[in-house]
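In the working numbering, the protein residues as written are 74 to 149.
Quick reminder that beta carbons are idealized off the backbone N, C-alpha and C, glycines included.
One structure is given below, encoded as structure tokens.
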Amino acid sequence: MGKAGALNLPLALAYATYLHCQNKNGEDACGTCSACSKSLKFIHPDTNFVFPLGNIKGDKDPDRFKAEILKSWRAF
Ligand SMILES: [Zn+2]
Numbered sequence: 074m075g076k077a078g079a080l081n082l083p084l085a086l087a088y089a090t091y092l093h094c095q096n097k098n099g100e101d102a103c104g105t106c107s108a109c110s111k112s113l114k115f116i117h118p119d120t121n122f123v124f125p126l127g128n129i130k131g132d133k134d135p136d137r138f139k140a141e142i143l144k145s146w147r148a149f
């Protein structure tokens with residue numbers, strides 16, 4: 074966690090993108106390979122986002138609720 078506007082999350086996402094990149098250029102991810110493309114869309118299967126889901130028990134369709142949360146997260 075960091076202060077609002079801190080670069081903790083962008084740095085973590087950039088590092089995950091670098092780790093998964095299939096064509097690293099030594100200092101950075103290529104930004105164009107399939108792994109980078111997935112990372113930039115927040116859909117790389119090896120990058121997991123973990124955050125609390127407060128009212129999932131009250132939702133009648135937990136899978137739909139999770140899908141909506143993921144949409145909101147990716148938009149964020
Ligand atoms: Zn790449």
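By the neighbour-count definition (other C-beta atoms within 10 Å, threshold 16), Ala79 is an exposed residue.
Distances from the CA of Arg147 to each of Cys94, Lys111, Glu100 and Ala77 were compared; the closest alpha carbon is that of Lys111. The beta carbon of Asp119 lies closer than 7 Å to those of His93 in the same chain, with the five residues before and after it left out.
Taking the Cα positions, Asn96 is about 43 Å away from Lys133. Each residue's CA atom was taken as its position, placing Gly104 and Leu86 some 13 Å apart.
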